[in-house]
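Let me begin by presenting the structure, written as structure tokens, before commenting on it.
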Amino acid sequence: MGKNLKLLEELQGIDLKLDTWRGEKDALLSEIEVLEEKLEGIITSIALKNAGLVTVEEEKLALEANLAAEADNIEKSEVRLRDIKTQKEYQAVSKEIATARKIKGEMEEQLLQKIALAEEIKASVLEIEENSKTMTVQVASQKVEIQAKIEKLESGIVTDIATRQSTVKSLPASVLKRYEMLREKRQGIAVVEASNGSCLGCNMNLPPQVYNNLFKGDSLIVCPHCQRLLFLRKDQAEN
Ligand SMILES: [Zn+2]
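In this note's numbering, the protein residues as written are 1304 to 1542.
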């Protein structure tokens, strides 16, 4: 195998490893993102429930104010009732009082419902907050684990990039450019083995002349179907 081709094959090995590691790193980073989104979701739901609680508390206060006003009206009417002289007026005020009592009763009923609702929301907020505490601890330890994996990957990546740089230095710029273009256009595989007369990159048969040229091993041979650079395994080349 020619020197450049050998370097390219090495380079591709490094690049494929880098691709895998970078992919793994991205996957780990999105795992962290998912965990953080989960926590954010809980925080949002607590905020929504608390906002709902504020509304219910406001409605409670308004009801209590109306109730107090209604009770006051009833009391005043009852005082008036004592000084009334005519039967007709007495009946009218009595009717007013009865109506006011009915309204007051309804408002008391509503107030009880609001009190129960507020308690329900408070209990559910407490429950979510408890869960979120547990989850925050879990997420933090998961993040530490994931971060450790990422750091390990990163140190591998750094080492590989250094190896890559020294390999790249020994290659002519034009060969490197061609390799990089091929990798981009051919799913990361620019250099591929030829075996039994076929290109293992696209699985097409190679013209006999192309295949035979591979055994000479001096220049870069290209698959006419997928344009990848071809090489022979050592044992095959020597046979
Ligand atoms: Zn091919």
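Beta carbons: idealized from backbone N, C-alpha and C, even for Gly.
Whole-angstrom Cβ separation of residue i and residue j, contact assumed at under 8 Å?
| i | j | result |
| --- | --- | --- |
| residue 1470 | residue 1317 | 7 Å |
| residue 1517 | residue 1493 | Not a contact, Cβ separation roughly 16 Å. |
| residue 1409 | residue 1380 | 18 Å between Cβ atoms; not a contact. |
| residue 1327 | residue 1456 | 6 Å |
| residue 1342 | residue 1439 | 6 Å |
State the Cα-Cα distance for the pair residue i and residue j, rounded to the nearest angstrom.
| i | j | result |
| --- | --- | --- |
| residue 1394 | residue 1371 | 24 Å |
| residue 1352 | residue 1321 | 46 Å |
| residue 1344 | residue 1367 | 35 Å |
| residue 1476 | residue 1325 | 25 Å |
| residue 1530 | residue 1488 | 10 Å |
| residue 1377 | residue 1420 | 28 Å |
| residue 1385 | residue 1358 | 41 Å |
| residue 1509 | residue 1503 | 10 Å |
| residue 1388 | residue 1407 | 27 Å |
| residue 1514 | residue 1337 | 50 Å |
| residue 1507 | residue 1523 | 18 Å |
| residue 1443 | residue 1339 | 10 Å |
| residue 1453 | residue 1479 | 29 Å |
| residue 1468 | residue 1449 | 28 Å |
| residue 1461 | residue 1323 | 14 Å |
| residue 1433 | residue 1413 | 30 Å |
| residue 1354 | residue 1418 | 16 Å |
| residue 1500 | residue 1308 | 19 Å |
In this structure, what does DSSP give as the bridge partners for residue i?
| i | result |
| --- | --- |
| residue 1524 | 1533 |
| residue 1498 | 1501 |
| residue 1302 | Outside the shown range of the chain, which is 1304 to 1542, sits residue 1302, and nothing can be said about it. |
| residue 1508 | 1501 |
Considering only C-alpha positions, which residue in the set the options is nearest to residue i?
| i | options | result |
| --- | --- | --- |
| residue 1536 | 1520, 1528, 1525 | 1520 |
| residue 1431 | 1337, 1313, 1349, 1354 | 1349 |
| residue 1512 | 1472, 1505, 1525 | 1525 |
| residue 1311 | 1466, 1515, 1514, 1429 | 1466 |
| residue 1532 | 1484, 1499, 1427 | 1484 |
| residue 1463 | 1313, 1306, 1505, 1335 | 1313 |
| residue 1333 | 1472, 1439, 1434, 1446 | 1446 |
Practice prompt. Can you list the residues near ligand 1, meaning Cβ strictly closer than 6 Å to any non-hydrogen atom, in the order they appear in the chain?
Written response: Those residues placing their Cβ nearer than 6 Å to any heavy atom of ligand 1 are, following chain order, 1502, 1504, 1505, 1507, 1526, 1528, 1529, 1531.
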